[in-house]
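In the numbering used here, the protein residues as written are 1 to 393.
One structure is given below, encoded as structure tokens.
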Ligand code: APR
Ligand code: PHB
């Protein structure tokens with residue numbers, strides 16, 4: 001088996017890359033460990049920057065997103081139960097689109113399969129070889145048979161726990177990491193949103209986030225300790241906690257409904273540098289993780305893949321290698337700014353158990369400054385709607 005670009009992982013990064021390459025006439029094969037059903041059922045975040053919306057539209061997968069996505073021109077910050085609106089439109093002239101990553105994934109899989117794109121689901125024991133030379137190969141097992149895919153380049157789009165980053169010699173990568181002393185408990189519910197916009201809440205009991213997927217479905221999150229047991233969190237306890245943390249009128253008005261899914265998300269900041277090793281390119285969660293507070297995970301994956309697709313297109317159309325050589329540096333400039341923003345949002349909105357009370361007072365001052373300063377809100381808005389893409393040339 002041979003292709004031009006071998007892609008490991010069919011999350012949003014791998015799928016979008018194969019779609020963008022297809023539009024440039026470049027062949028790719030995706031190897032995915034899980035089944036299609038599993039990949040399409042995974043519940044993840046749901047806020048798309050305008051730049052992400054544009055890339056998905058240009059990739060030809062924007063139709064349903066434009067119909068069903070909810071355009072939000074601001075967010076609400078709730079501090080001790082009082083709401084403060086951050087008006088993206090007035091502050092920076094921008095907006096975000098609320099559209100589940102699950103839906104993005106489904107749209108991409110449909111588009112790839114409709115164009116006869118090759119996705120090998122349930123590919124087991126994927127290993128990558130020869131990427132430090134010019135004959136990369138990917139070995140895997142499918143239906144019990146051993147197979148090998150020869151390619152010009154390998155794209156490691158296999159998420160944080162994938163095999164690609166771990167195959168790079170340790171000495172060639174620098175890892176930067178921060179683990180937070182809390183997690184999020186998320187619950188997807190069949191209940192209409194209490195508010196037209198997302199509510200990010202700071203409260204002494206801990207952070208809470210009210211989000212949504214559609215006019216009939218809400219997505220709720222509360223800060224909890226990292227090692228909790230789902231059995232200890234029946235729906236009623238989550239509703240009660242959410243109500244306590246949102247407080248005020250929001251708590252009184254909160255519509256409830258049956259839960260569809262519940263899960264924990266650990267909170268971590270992580271960057272592996274560089275994002276390229278020879279003919280292996282890491283993209284998305286394989287190279288970096290942000291805590292979800294800034295809603296940047298999916299958006300960063302899309303930004304990486306956009307840069308990589310352009311670099312590969314320049315290589316195949318005119319033999320240029322400069323964009324591939326600058327891939328890591330170009331991506332990392334955006335990655336580190338998203339790291340900073342996600343760390344800042346996380347630090348400002350969560351309770352940090354057992355730390356120096358001085359730091360808690362500084363945090364309250366930060367929140368007080370934000371809700372009373374247009375300049376501070378403008379900085380939040382500029383980052384939340386998405387920093388501009390850099391020109392690569
Ligand atoms: N072999 C093959 N596939 C693998 C392997 C492996 N060894 N390890 C992981 N995978 C697959 C996973 O099953 C998954 O489908 O790689 C895919 C990685 O997808 P994601 O984790 O979704 O990562 P990415 O595409 O970078 O998406 C960016 O944005 O909202 C955030 O973290 C969230 O997933 C999201 C991310
Ligand atoms: C979500 O809707 O799942 C969501 C929204 C905003 C975030 C994180 C998650 O910051």
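Beta carbons are placed, not taken as given, at the ideal position from N, Cα and C, and that holds for glycine.
Model, not experiment: these values are computed from the prediction.
Residue of the options minimising C-alpha distance to residue i
i, options, result
"residue 4", "27, 16, 15", "27"
"residue 223", "212, 264, 59, 189", "264"
"residue 295", "46, 12, 177", "46"
"residue 311", "329, 297, 34, 29", "329"
"residue 243", "78, 126, 30", "78"
"residue 394", "55, 39, 229, 53", "Outside the displayed span of the chain (1 to 393) sits residue 394, for which this structure offers no information."
"residue 251", "258, 257, 259, 241", "241"
"residue 162", "170, 125, 298, 136", "125"
"residue 219", "231, 257, 228", "257"
Rounded straight-line distance, which links the Cα of residue j to that of residue i
i, j, result
"residue 288", "residue 191", "33 Å"
"residue 1", "residue 274", "29 Å"
"residue 393", "residue 25", "Note that residue 393 has pLDDT 49, beneath the 50 cutoff, so the model's placement of it is unreliable and the number below is only indicative. If you take the alpha carbons of residue 393 and residue 25, they lie about 21 Å apart."
"residue 313", "residue 150", "19 Å"
"residue 188", "residue 214", "11 Å"
"residue 51", "residue 388", "7 Å"
"residue 113", "residue 261", "28 Å"
"residue 245", "residue 386", "28 Å"
"residue 17", "residue 175", "24 Å"
"residue 376", "residue 94", "16 Å"
"residue 317", "residue 226", "49 Å"
"residue 180", "residue 55", "32 Å"
"residue 156", "residue 128", "9 Å"
"residue 303", "residue 336", "13 Å"
"residue 391", "residue 325", "15 Å"
"residue 20", "residue 285", "19 Å"
"residue 203", "residue 144", "52 Å"
"residue 160", "residue 234", "29 Å"
"residue 355", "residue 229", "24 Å"
"residue 410", "residue 333", "Beyond the ends of the chain as shown, which are 1 and 393, falls residue 410; an answer cannot be given."
"residue 142", "residue 249", "55 Å"
For residue i: DSSP bridge partner residues
i, result
"residue 154", "6, 280"
"residue 28", "5"
"residue 341", "Paired residues: none, contrary to the question."
"residue 75", "86"
6 Å CB neighbourhood of residue i in its chain, flanking five on each side removed
i, result
"residue 221", "184, 186, 209"
"residue 383", "341"
"residue 168", "277"
"residue 178", "269"
Cβ neighbours of residue i in the same chain (closer than 8 Å, five flanking residues each side left out)
i, result
"residue 465", "Lying before the first or after the last residue shown, residue 465 is absent from the chain, which here runs from 1 to 393."
"residue 198", "47, 72, 75, 76, 98, 209, 210, 211, 212"
"residue 22", "28, 112, 115, 117"
"residue 205", "241, 244, 245, 351"
Cβ separation of residue i and residue j, assumed to be a contact under 8 Å, to the nearest whole Å
i, j, result
"residue 350", "residue 207", "5 Å"
"residue 272", "residue 308", "About 15 Å; that fails the 8 Å criterion."
"residue 403", "residue 90", "Since the first residue of the chain shown is 1 and the last is 393, residue 403 is not available in this structure."
"residue 380", "residue 86", "6 Å"
"residue 131", "residue 280", "4 Å"
"residue 6", "residue 154", "5 Å"
"residue 238", "residue 119", "Actually they are not in contact, since the Cβ atoms of residue 238 and residue 119 sit about 35 Å apart, beyond 8 Å."
The ligand MN heavy atom lying under 8 Å from the CB of residue i
i, result
"residue 189", "Only the ligand APR and the ligand PHB can be found as ligands here, which leaves the ligand MN out of the picture."
Minimum Cβ-Cβ distance from residue i to chain D less than 9 Å
i, result
"residue 372", "The chain labelled as chain D is not found in the depicted structure, where only one protein chain is given."
Nonlocal neighbours in the same chain, by C-beta distance under 7 Å from residue i, ignoring five residues either side
i, result
"residue 255", "191, 192, 194"
"residue 196", "none"
"residue 366", "348"
"residue 291", "180, 267, 268, 269, 342, 346"
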